[in-house]
Structures are given as structure tokens and as C-alpha cells.
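Sequence lines, in order, name chains A and B.
No gaps in the numbering here: position 328 of the first sequence is 328 in UniProt numbering, and each next residue is one more.
No gaps in the numbering here: position 327 of the second sequence is 327 in UniProt numbering, and each next residue is one more.
All residues carry an ideal CB built from backbone N, CA and C; glycine is no exception.
There are 2 protein chains.
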Amino acid sequence: MENGDIPENANEHCPGTQSESAGKSDACQGCPNQEVCATAPKGPDPDLVTIGERMATVKHKILVLSGKGGVGKSTFSAQLSFALAALDYQVGLLDIDICGPSIPKMLALEGQEIHQSNLGWSPVYVESNLGVMSIGFMLPNPDEAVIWRGPRKNGLIKQFLKDVYWGELDFLVVDAPPGTSDEHISIVQCLDATGIDGAIIVTTPQQVSLIDVRKEVSFCKKVGVKVLGVVENMSGLCQPVTDFKFMKTMETGEQTDVTEWVRDYMREKAPEMLNLFACSEVFDSSGGGAAKMCQEMGVPFLGKVPLDPQLCKAAEEGRSCFLDKDCGASAPALKKIIEKLLENQELAISADNGA
Amino acid sequence: MENGDIPENANEHCPGTQSESAGKSDACQGCPNQEVCATAPKGPDPDLVTIGERMATVKHKILVLSGKGGVGKSTFSAQLSFALAALDYQVGLLDIDICGPSIPKMLALEGQEIHQSNLGWSPVYVESNLGVMSIGFMLPNPDEAVIWRGPRKNGLIKQFLKDVYWGELDFLVVDAPPGTSDEHISIVQCLDATGIDGAIIVTTPQQVSLIDVRKEVSFCKKVGVKVLGVVENMSGLCQPVTDFKFMKTMETGEQTDVTEWVRDYMREKAPEMLNLFACSEVFDSSGGGAAKMCQEMGVPFLGKVPLDPQLCKAAEEGRSCFLDKDCGASAPALKKIIEKLLENQELAISADNGA
Numbered sequence: 001m002e003n004g005d006i007p008e009n010a011n012e013h014c015p016g017t018q019s020e021s022a023g024k025s026d027a028c029q030g031c032p033n034q035e036v037c038a039t040a041p042k043g044p045d046p047d048l049v050t051i052g053e054r055m056a057t058v059k060h061k062i063l064v065l066s067g068k069g070g071v072g073k074s075t076f077s078a079q080l081s082f083a084l085a086a087l088d089y090q091v092g093l094l095d096i097d098i099c100g101p102s103i104p105k106m107l108a109l110e111g112q113e114i115h116q117s118n119l120g121w122s123p124v125y126v127e128s129n130l131g132v133m134s135i136g137f138m139l140p141n142p143d144e145a146v147i148w149r150g151p152r153k154n155g156l157i158k159q160f161l162k163d164v165y166w167g168e169l170d171f172l173v174v175d176a177p178p179g180t181s182d183e184h185i186s187i188v189q190c191l192d193a194t195g196i197d198g199a200i201i202v203t204t205p206q207q208v209s210l211i212d213v214r215k216e217v218s219f220c221k222k223v224g225v226k227v228l229g230v231v232e233n234m235s236g237l238c239q240p241v242t243d244f245k246f247m248k249t250m251e252t253g254e255q256t257d258v259t260e261w262v263r264d265y266m267r268e269k270a271p272e273m274l275n276l277f278a279c280s281e282v283f284d285s286s287g288g289g290a291a292k293m294c295q296e297m298g299v300p301f302l303g304k305v306p307l308d309p310q311l312c313k314a315a316e317e318g319r320s321c322f323l324d325k326d327c328g329a330s331a332p333a334l335k336k337i338i339e340k341l342l343e344n345q346e347l348a349i350s351a352d353n354g355a
Numbered sequence: 001m002e003n004g005d006i007p008e009n010a011n012e013h014c015p016g017t018q019s020e021s022a023g024k025s026d027a028c029q030g031c032p033n034q035e036v037c038a039t040a041p042k043g044p045d046p047d048l049v050t051i052g053e054r055m056a057t058v059k060h061k062i063l064v065l066s067g068k069g070g071v072g073k074s075t076f077s078a079q080l081s082f083a084l085a086a087l088d089y090q091v092g093l094l095d096i097d098i099c100g101p102s103i104p105k106m107l108a109l110e111g112q113e114i115h116q117s118n119l120g121w122s123p124v125y126v127e128s129n130l131g132v133m134s135i136g137f138m139l140p141n142p143d144e145a146v147i148w149r150g151p152r153k154n155g156l157i158k159q160f161l162k163d164v165y166w167g168e169l170d171f172l173v174v175d176a177p178p179g180t181s182d183e184h185i186s187i188v189q190c191l192d193a194t195g196i197d198g199a200i201i202v203t204t205p206q207q208v209s210l211i212d213v214r215k216e217v218s219f220c221k222k223v224g225v226k227v228l229g230v231v232e233n234m235s236g237l238c239q240p241v242t243d244f245k246f247m248k249t250m251e252t253g254e255q256t257d258v259t260e261w262v263r264d265y266m267r268e269k270a271p272e273m274l275n276l277f278a279c280s281e282v283f284d285s286s287g288g289g290a291a292k293m294c295q296e297m298g299v300p301f302l303g304k305v306p307l308d309p310q311l312c313k314a315a316e317e318g319r320s321c322f323l324d325k326d327c328g329a330s331a332p333a334l335k336k337i338i339e340k341l342l343e344n345q346e347l348a349i350s351a352d353n354g355a
């Protein structure tokens, strides 16, 4: 049947919902779908054609996904975009988390607005080669909830893809909300025909997070999106000993801050402590963490990023941590991961051509 | 107009979509909505009546919400349920995170299945007074993605409310996914008529998380759900000094584990260090954190729970941290928060009657 699906409750001899005679043939008389069929537009979604035209100038499309929320997906998307831009690529960052957009904050673009030209919606630019689009730029009041059901979210995602004028891009990084629902189905359906290079999945080391990552990998396999790799974030906290606050439990059970005393005490009695890093696992990774999960599921492991208060602060302030000397243990880890990602032949070669 | 909405594209003299003559009156001839109106069921959603009957045996309904994911909402829901059950209340915990259910894992109920009786679906019981319902119990393969758009998720949530036989409950705790979309609109619409006591909103201290909490508070205000209070989770890491791993940066730039050496060194040179706690902020709360946000938005602040590796481990293993002596700094903090919550007159008084 070339003329589209036949609804379950259709009359006999239904010509198909996509047929020119849908809703109009003799067989349609009395069918409950008659009105809808007669008036609905026919043929492939014309929006996909427009999206295809927009995406013709975008070399690589990378989705950043996570199973669970709060694993640092937006932080990673932001830092990846900063890093690619620093390598002189033309980069676009598209935030499709409609109900909880974090990207404007993470690139220090709060309060910015989208401008419209005859070419379409203009992204907000951090630098000349790093443009950003998010619903965050469209909300008159940042505190207001965006209480939207799926179809409305999907509509905006489609509009982002149809109406944003990115110009020539080496990379379009798409930051998705957690899960495997409307936004994810929509972005894949809209971009499928234009080619998605693949997805990076961000997780934390605990089992409870890895359960959801497995679901995300299964989602990618089902919809035919390649998994470029998995990043384990918040993989332990490592800080200079001198950055900690020290607390003493008193006989009353109350805790007192003894940081100053401890610093003096260390200087005097145990000076060698002062140059050390103290590390804590924070999130249990006794199950083997993301590396083991990747092996089991046959997807690449890109590396671990430690829980780094400096990275958290950089994300809060919209700075690049990748290039910032102030960043602690996370900067070299992020750098390694991005290098590993760009070793991917398909990404690297043609990006080089374009850079 | 008592007969429902009039669609924008309706004919003149439309009797209204909920009218008995919808789709059948003279005015309906040729209207594009005629078929739909003539066949669609009329009157209030009959499911709401069934839900009302089910909920008649439930004294208190509490939603646990968060703006961002990964802030520990499910961990809090689980620990709250454990705590209420330990106080001898009859407790039900309903997980409406359809695409990423964490609750089965967090109550050590993985692999359990839902049974059906002539009373409806039976929750899975942790103890005789703590029953749990989650899509996690319905998936043949826990790794498989649940790739569902909104309407299907809403359908399951409705079914949970209609078909689960909870029996007499003092508290029904509803663990929602992050955000303000389908699941949230559905649960509020379905439970509205039966009375929702209110919502607890969980957050972490960073600005990027607080932005989303403001949206969640705005959601509650818009849909008329009272905010019982805000919990600040992962509010700094505090651990015994002896629980840390110590790393030394060598001249080559590599880091070596010197934990054993440091422990001996402390014992010998600085024994007073051994009884201290070392604390790190981890997530930047320089903006004043949740307490300040609560003040600004006029909602109660319930307290802070530190980032506690023991709590994370308890959550991973499905144990109650609230009662467990092994739990570190988080147990007393959680206890205080739950006491503060139960000070709420409306919750406490009638729960006492029922306990």
C-alpha cells in the first residue's frame, strides 16, 4: 500500500490516508476518519524538506544524551562546544531541553534574546564561531514554568531545526533532556534524513545511573543512531587538601569549623600533607562503573571526568573549563575525551577539511 | 457556555463539543469536527470518577518534584517512604518516571513483578506497610528503552491511579520525573479532585539547579498545588578524614596513591587529624542556595542534606538511610527534614489519627 497507513477502524476498500482520494472516494462514506482524511495534508512532511535544506550547511551533528538527569550532560555539551570552538571549528549548540534549559546559564548568555532576520532566527553568539539556540532565550521571565505537553515541545524543536539560520557549521551539538521520550524521538525523526553522526552519552558511575544509560544505548540502537561513546562524569572528587574545610565533632554532638587550626597544625606537624590531593568516590562505582557497562554493551568508553568544584563553578559562570588554567582535575580529563572523540575518523577528517 | 469548548474552526451556532447534540445538530453540517464530535464520549472523564474511588482510602498525597534531574529526588522519595513506614504509617510509593524509573533499584526491588487480583494491580511490598508501584516492575528487560511519547506515558499514569489497589494508606508519595511536562500535568489533573496535600521540591545548591526549581515552584502555583517545602540536597560533602584517598602529584605529572603512607604519617605526626571531618562544597552555593531562593519565592525551606557517600550507597542498595547507623552526615539531616515536614498541621494530625 503506497498511500499511507490504513486506520484500524477504516471502512473496507479504504484508499489509504495519504491517497489523493482519501476521505473522498465512495468507500469513505460513513467512515469515522472521513473528515480528517479529506482535509489533512498529503505526502511526506514538508517540514523535513525545509530541515534538510537548513542542515545542508552543517557537516556534523552530534547528540548529547543521558539516561538520568543531573549527570552533567549540559555541562559536558557546553564544554565540548567551547573546546571545539577553541580548535577553530564553527560550532552551533542547540538546547532542546524545553522544560529545563540550562545552556544559556552555562555559556553566560542569560537575558540574551533571539533576533530574526530574513534568513531566519539568529543564534546567540558567544564568540564568532560559537552560536547557541535555546528556549531559554525566548522566555520573558526565567522563573516561569514551561508547562508544555509533548506535541508543543516537538513543535518548537521542529521550529529550531527549520527556522534557525546557523550558516556554515562544522559541528552542531544538540543537548537533549534526559530520557527517551518526545524530544528524543522528534530530534531523531527530524534529523534522520540529514544524517546524524552519533550520540555521546553522559553518565555518573552509580548503578542507578547506569541502568538508565543502558536504556539510552538501547534507544540509540532502536532508532539507528550510532553511539560515539560514553563519558563517566562526577567520577570521584579530587581536591587539594588545603581546599577542604575541616570540622570537629564536639562532645555536645555539634560540629565546629577548625579549618584554620588544622592548616596551622599541618604546617607545623605534617607539612608534607599540604601538597597532597584528597579524593573521595562520592558515588558508588563498585559495580565497575561506565567502563564495564560499555564493554558489556559493545559501545566505546570515552573516559572519566572527576567531580571538580572548579568545573562546577566554571559551568555556573558560563566559562570554558577546558582552556582555563584555574580548572582542577577535570580540564585534562575533558581534553583527553575530546581528543579521543576527534580521533573518530569520520568526525576528524572532514572537520579538518572545513576548519 | 456549559457544553464544552467551541473549536476555533467550528461552524456558526456550534452547540459545543460536550453537548448532547454535538456533531448532530443542523449547525454541524459541513463542520470539519462533525465526525469527531458526533462519536466522541461526552461528559467529564469517567476515569476521574474511578480514580476518585481508588483515592478515597488514601489520606495524604504528596508529590516529590524537582526542576532538574539527578538532584536526588528519587533517593529522597525512597528515604521519605522508608522513614514514614518506620513511624508506623501505611505508605505507598508511586514512581511516575516512565522513561527512567529508579525506584525499584532504590528499594532493592529489582526483578519483582506486579500481581493482579480482582481488586486491581497489587503494589510490590518492601514491608507490610510500604508498597511500591513503578513501570520498572513491568519491563521484561531492564536495559530496554521505554520510547514513549506523552500520551502513552499519560495513559500509564492514569492506569496506575485507576488500577492499583493500595488499600488504606496514610501517605501516597508520588515520585515524578524532572520538569514540568506531560507526567506533571497528568498527575495533577488526575489527582486534583481528590485533593493533593502538596509538593516537596528537591534541588541542589547551584544556580543552574535553582533556576529550574523556580520554574517548578511557578508550576505548582499555576496548577494550584501547595509547596510543602524545598529540600537542598548534595549540600556539600562531609566525610571522616580517614575515609579519603590521598594522591601525590609526582614530578612526571602522574598521580600516585599515598593513602597508606598518609594514614601512618597522620597517626605519628598529627594524630588529632584522625578524628576530623573534611568538607567540600562541591557544588557552588555562592548565590545563597535554596534557602535564599525559598525566601524570595515565599515557600518553606525544609533543610539541607549533605552529599554523603553512605547515603548514595544506601540508595544503590535499596536500604533505609534514615534508620541505619552506618549512614554518615545525611541521616540526622534527613530526620530533621521529615520531622519538620510532619510538623505541618494538616499532615500530622490526621496521620496520627490513622496510625
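Asked	Found
Test: G125 of chain A CB closer than 8 angstroms to a CB of chain B	Going by the sequence as given, residue 125 of chain A is Tyr instead of Gly. No, no contact with chain B.
Backbone CA spacing between L172 of chain B and L334 of chain B [nearest angstrom]	19 angstroms
Runs of alpha helix (DSSP H) wholly within the segment 93-139 of chain B (minimum 4 residues, chain order)	103-106
Contacting residues, own chain, Cβ-Cβ under 7 angstroms from D47 of chain B (five flanking each side not counted)	K158 and K162
Reduced DSSP secondary structure (H/G/I, E/B, other) of M247 of chain A	strand
Reduced DSSP secondary structure (H/G/I, E/B, other) of H184 of chain A	helix
Start and end residues, beta strand (DSSP E) containing F301 of chain A	F301 to K304
Per-residue burial, E183 of chain A [other beta carbons within 10 Å of its own, 16 or more giving buried]	buried
Span separating the alpha-carbon of E35 of chain A from that of V36 of chain B	9 angstroms
Contact check, F283 of chain B vs C294 of chain B, beta carbons under 8 angstroms	no
Residue from A:A38, A:L341, A:A145 and A:V126 whose Cα sits closest to the Cα of V217 of chain B	A:A145
Extent of the continuous alpha helix (DSSP H) to which residue 401 of chain A belongs	Outside the displayed span of chain A (1 to 355) sits residue 401 of chain A, for which this structure offers no information.
Check whether I211 of chain A and K68 of chain B have beta carbons under 8 angstroms apart	no
Proximal residues, the segment 64-96 of chain B versus chain A, C-beta separation under 7 angstroms	G67, K68, G69, G70 and V71
Whole-Å CB distance - I96 of chain B paired with D175 of chain B, under 8 angstroms assumed	7 angstroms
Alpha carbon of S74 of chain A to alpha carbon of H60 of chain B, nearest angstrom	36 angstroms
Secondary structure of G52 of chain A, DSSP reduced to three states	helix
Reduced DSSP category for S280 of chain B - H, G, I as helix; E, B as strand; rest coil	strand
Under 7 angstroms (Cβ pairs) to chain A, residues found in the segment 228-241 of chain B	L237, C238 and Q239
Residue closest to residue 361 of chain A, alpha-carbon to alpha-carbon, out of A:I103, A:A108 and A:F277	Only positions 1 to 355 of chain A appear in this structure, which leaves residue 361 of chain A out of reach.
Between the CA atoms of M250 of chain B and S320 of chain B - distance to the nearest angstrom	42 angstroms
Span of the beta strand (DSSP E) around K61 of chain A	V58 to L65
Residue environment, G167 of chain A, which counts as buried when at least 16 other CB atoms sit within 10 Å	exposed
Where V230 of chain A falls, given that 16 or more other Cβ within 10 Å makes a residue buried	buried
Any C-beta of chain B under 8 angstroms from that of E306 of chain A	With the sequence shown as reference, residue 306 of chain A is identified as Pro, and Glu is not the correct amino acid for it. Chain B, which has no Cβ nearer than 8 angstroms to the Cβ of P306 of chain A, makes this no.
Residue-chain proximity (T203 of chain B, chain A), Cβ-Cβ < 8 angstroms	no
Per-residue contacts from I157 of chain B into chain A (C-beta, under 8 angstroms)	Those do not exist, as I157 of chain B stays about 13 angstroms from chain A at its closest Cβ, beyond 8 angstroms.
For I338 of chain A: DSSP bridge partner residues	The partner list for I338 of chain A (beta bridge, DSSP) is empty, contrary to what the question assumes.
Contacts around T194 of chain B, its chain only, beta-carbon distance under 6 angstroms, and the 5 residues preceding and following it disregarded	G52 and M55
Residues of its chain near S285 of chain B, where Cβ-Cβ distance is below 6 angstroms and the 5 sequence neighbours each way are ignored	P205
Beta-bridge pairing of Q239 of chain A - partner residues as DSSP gives them	A:A278
Check whether F244 of chain B and A278 of chain A have beta carbons under 8 angstroms apart	yes
Exposed unless 16 or more other CB atoms sit within 10 angstroms - verdict on L274 of chain B	exposed
Candidates A:K292, A:T256 and A:L276, of which the one nearest L276 of chain B by Cα	A:T256
First and last residue of the uninterrupted alpha helix (DSSP H) at G289 of chain B	G289 to M297
C-beta atoms of G100 of chain A and P151 of chain A nearer than 8 angstroms	no
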